[in-house]
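Structure first, commentary second.
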Amino acid sequence: MKIAVEGCMHGDLDKVYDTIKYIENTRNIKIDLLLCYGDFQEVAPVPTIFIGGNNEASNYLWELYYGGWAAPNIYFLGYAVVVKFGNIRIDGLSGIYNARNYCLGWIQQGTLGIKPAAQLLKKLRPSYWFSAHLHCKFTALVEHEEGGRVTKFLALDKCLPGRKFLQVGEQSSTCKIVVNGLRAGWKTEEPNLVNFLKQLHLTNPLILTFSDDYSEDIPNEDEIDLADDAERNN
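Sequential numbering of the sequence shown, starting at 1, is according to the UniProt record's numbering.
Have a look at this one:
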């Protein structure tokens, strides 16, 4: 299976799909799936999965909080949902992170990033992690333990001429999508997947109606044992 990943699209679907068609023709390959990192803002010739950024019509995507078909052949991954395409598990976190801190010390300190996402990265240890929003290409290898599992990180640019906004990789698999969301009674044999979904279930603004300041009610890895989280919330 060949999968294309794309950075900030900003509505330029035709350019992205034209690029995919060009790659298919010049390399004599068939691309099976397109993953878009956000700012999707159009019916698709390639099965397409996307997460939300900060430029879509959020009022419409809110109706698909747990994910769903936004258009024929175009699947919105929801605000925090996991799907399987063939034998590949794809986790998605929509939106952008804004800590509302305008001090730019992270430039000098080398701490640019998202702490909540870093906690998920450390816990789930996925094979690949794709990102966008900053309109630049950046690659990194994250070693979770010495000589152990490694996560390949890739951020891609905005869809513009001469920019590195699309990349194609290959994974052996059959093509089938199984969608799993944050629904009551949802079960899986993968414990990390349960913990990931249950943790995000606690931050669902449709459920947390008992406080005006949701940030005080969101547990973090320092306060709870993620291994026991699923059992506590059943």
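The beta carbon of each residue, even a glycine, is placed where N, CA and C say it ideally should be.
Values in this document were obtained by computation on a predicted structure and should not be read as measured data.
- Message: Please report the straight-line C-alpha distance between V142 and Y75, rounded to a whole angstrom.
- Response: To locate residue 142, count along the sequence shown from 1; it is residue 142. To locate residue 75, count along the sequence shown from 1; it is residue 75. Distance between the alpha carbons of V142 and Y75 is about 29 Å.
- Task: State yes or no: is the C-beta of I3 within less than 8 Å of the C-beta of D32?
- Result: On the sequence shown, residue 3 is found 3 positions in, with the first residue counted as 1. On the sequence shown, residue 32 is found 32 positions in, with the first residue counted as 1. Cβ atoms of I3 and D32: closer than 8 Å.
- Message: For a quick check, are the C-beta atoms of V46 and I20 less than 8 Å apart?
- Response: Along the sequence shown, read from residue 1 onward, the residue named residue 46 stands at position 46. Along the sequence shown, read from residue 1 onward, the residue named residue 20 stands at position 20. Contact check for V46 against I20 passes: the beta carbons are separated by less than 8 Å.
- Message: Please identify the residue among K122, A44 and L134 whose C-alpha is closest to the C-alpha of A70.
- Response: Here residue 70 refers to the residue found at position 70 when the sequence shown is read from its first residue. Nearest option by C-alpha distance: A44.
- Query: Are M1 and E170 close, meaning C-beta to C-beta below 8 Å?
  - Reply: Locating residue 1 in the sequence shown gives position 1, counting from the first residue. Locating residue 170 in the sequence shown gives position 170, counting from the first residue. Cβ distance < 8 Å, so M1 and E170 count as in contact.
- Item | Three-state secondary structure assigned by DSSP to residue 239 | This structure does not reach residue 239, given that the chain is present from 1 up to 234, and the question cannot be answered.
- At 3 residues or longer, and completely inside the stretch 123-156: list those beta strand (DSSP E) runs for me, N to C. The stretch 123-156 contains these whole beta strand (DSSP E) runs: 128-131, 138-143 and 150-155.
- Message: Rounded to whole angstroms, what is the Cα-Cα separation between V168 and V5?
- Response: Here residue 168 corresponds to residue number 168 of the sequence shown, with the count starting at 1. Here residue 5 corresponds to residue number 5 of the sequence shown, with the count starting at 1. Looking at the two C-alpha atoms, the distance is approximately 6 Å.
- Task: Give the range of the beta strand (DSSP E) segment to which I90 is assigned.
- Result: Mapped onto the sequence shown, residue 90 falls at position 90. Run containing I90: I88 to L93, per the beta strand (DSSP E) assignment.
- Query: In whole angstroms, what separates the C-alpha of I88 from that of G162?
  - Reply: The count along the sequence shown starts at 1 and reaches residue 88 at position 88. The count along the sequence shown starts at 1 and reaches residue 162 at position 162. Distance between the alpha carbons of I88 and G162: 30 Å.
- Query: If you compare alpha carbons, which of T139, Y65, I96 and Y17 is closest to V82?
  - Reply: Locating residue 82 in the sequence shown gives position 82, counting from the first residue. That would be Y65, whose Cα lies nearest to the Cα of V82.
- Task: Report the three-state DSSP secondary structure of I20 (helix, strand or coil).
- Result: By one-based count along the sequence shown, residue 20 stands at place 20. Three-state result, I20: helix.
- Would you report the Cα separation of A140 and V16, rounded to the nearest angstrom? In the sequence shown, the residue the question calls residue 140 occupies position 140. In the sequence shown, the residue the question calls residue 16 occupies position 16. Distance between the alpha carbons of A140 and V16: 24 Å.
- Query: Where T26 and L34 are concerned, what is the direct C-alpha to C-alpha distance, given to the nearest angstrom?
  - Reply: Locating residue 26 in the sequence shown gives position 26, counting from the first residue. Locating residue 34 in the sequence shown gives position 34, counting from the first residue. Whole-angstrom Cα-Cα distance: 18 Å.
- Assign L121 to one of three DSSP states: helix, strand, or coil. Locating residue 121 in the sequence shown gives position 121, counting from the first residue. Correct three-state label for L121: helix.
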